[in-house]
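With positions in the sequence shown counted from 1, the corresponding number in the working numbering is that position plus 13.
Here is the structure we will look at.
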Amino acid sequence: MYTLEEESKLTTMEYEEQSMPCKKPLSSNNSYQKASNDSVSKTLERWLEIHEPVDKDKTKEDPEADDRLDSISAYSRFKRMLPQDELDLHGLYAEEARQMIQTFIANSAARGLEKVSIIHGKGNHSQEEQVLIHIVREELEKNPQAGEFDFADSRHGGKGATWVRIRPPISRDK
Numbered sequence: 014m015y016t017l018e019e020e021s022k023l024t025t026m027e028y029e030e031q032s033m034p035c036k037k038p039l040s041s042n043n044s045y046q047k048a049s050n051d052s053v054s055k056t057l058e059r060w061l062e063i064h065e066p067v068d069k070d071k072t073k074e075d076p077e078a079d080d081r082l083d084s085i086s087a088y089s090r091f092k093r094m095l096p097q098d099e100l101d102l103h104g105l106y107a108e109e110a111r112q113m114i115q116t117f118i119a120n121s122a123a124r125g126l127e128k129v130s131i132i133h134g135k136g137n138h139s140q141e142e143q144v145l146i147h148i149v150r151e152e153l154e155k156n157p158q159a160g161e162f163d164f165a166d167s168r169h170g171g172k173g174a175t176w177v178r179i180r181p182p183i184s185r186d187k
C-alpha cells in the first residue's frame, strides 16, 4: 500500500495498474489487443456469412396466428359493412320463404354482392315459435353460396334480421 502522499503522486493509469494487477491497461498501441479485435471481427464476419441474419419481426413464426388475425379482421370488416341488398320475408309461408331465400342468394352471388340482409322478424306474432328464423338458418347452412351469417346489429334489425356474406361464384376457368 501507498501512503497518502505517494498515492496522490500516482497517475490514474498507474493507480489502476496497482489496484488491479490482473488487468492490463487498455492502450491503442497494444498489438495484442489489435490482433485480438481483428480475430474477433473476422470470426464474426464468417459466422454472419454462414448464418444469414434474419429480421425476426418480418418472419412468420406462427402462420396459423396470421391466418387467425386475417380471419378476425375479415370478420370485423364483414360486421361493419352494411348490406348491399335485402329480402323481407314477413308474411310468407315456410315453403315460399325457402324458395325466396334460394333465389335471393343465387341472384346476389350472380350480381357480385358481398353482404345481404334477410329480414325474418323476431317472431312476436307467431302462435308458437319463430318459424321464419329457423327456415332462414336451415337454408343458409345448406346453400353453398352463403358464407358466414349472423344476426344484424341492433340498429339494423337485431335478431329480426340476418346478415349473410355471399361467397363469390367459383370460377371454372383454369
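By construction, the Cβ of each residue, glycine as well, lies at the ideal position given by its N, Cα and C atoms.
Just so it is clear, the structure is predicted and the values come from calculations on it, not from any experiment.
Beta bridge counterpart(s) of residue 129 as assigned by DSSP: Translated into the one-based positions of the sequence shown, residue 129 becomes position 116. In the DSSP output, where bridge partners are listed per residue, residue 129 has 98 and 177.
Identity of the residue in 158, 132, 114 and 145 nearest residue 175 by Cα: Within the sequence shown, the letter at position 162 stands for residue 175. Nearest C-alpha to residue 175: 132.
Inter-stretch contact at 8 Å, needing at least 3 Cβ pairs: the stretch 159-175 / the stretch 113-131: yes
Option nearest residue 100 by Cα separation, candidates 89, 151, 112 and 58: For the purposes of this step, residue 100 is identified with residue 87 of the sequence shown, where counting begins at 1. The option with the nearest alpha carbon to residue 100 is 112.
Pairwise C-alpha distance: residue 170 and residue 143: Stepping through the sequence shown from its first residue, residue 143 is reached at position 130. Stepping through the sequence shown from its first residue, residue 170 is reached at position 157. Rounded to the nearest angstrom, the two C-alpha atoms are 15 Å apart.
Sufficient close CB pairs (3 or more, under 8 Å) joining the stretch 108-123 to the stretch 148-159: yes
Other residues of its chain near residue 107: CB distance less than 7 Å, five sequence neighbours each side excluded: Reading the sequence shown from its first residue, position 94 is the one you call residue 107. Only 144 and 148 meet the Cβ criterion.
Whole-angstrom distance between residue 182 and residue 90, CA atom to CA atom: In the sequence shown, residue 90 corresponds to position 77, counting from 1. In the sequence shown, residue 182 corresponds to position 169, counting from 1. If you take the alpha carbons of residue 90 and residue 182, they lie about 20 Å apart.
Distance between residue 88 and residue 94 (C-alpha atoms, nearest Å): Stepping through the sequence shown from its first residue, residue 94 is reached at position 81. Stepping through the sequence shown from its first residue, residue 88 is reached at position 75. When rounded, the distance between both Cα atoms is 10 Å.
For residue 65, three-class secondary structure by DSSP: The sequence position of residue 65 within the sequence shown is 52, counting from 1. Coil at residue 65, not helix or strand.
Beta bridge counterpart(s) of residue 9 as assigned by DSSP: In the structure displayed, the chain extends from 14 to 187; residue 9 sits before or after that span and is not available.
Euclidean distance between Cα positions of residue 50 and residue 67: For the purposes of this step, residue 50 is taken as the residue at position 37 of the sequence shown. For the purposes of this step, residue 67 is taken as the residue at position 54 of the sequence shown. The alpha-carbon atoms of residue 50 and residue 67 are separated by roughly 25 Å.
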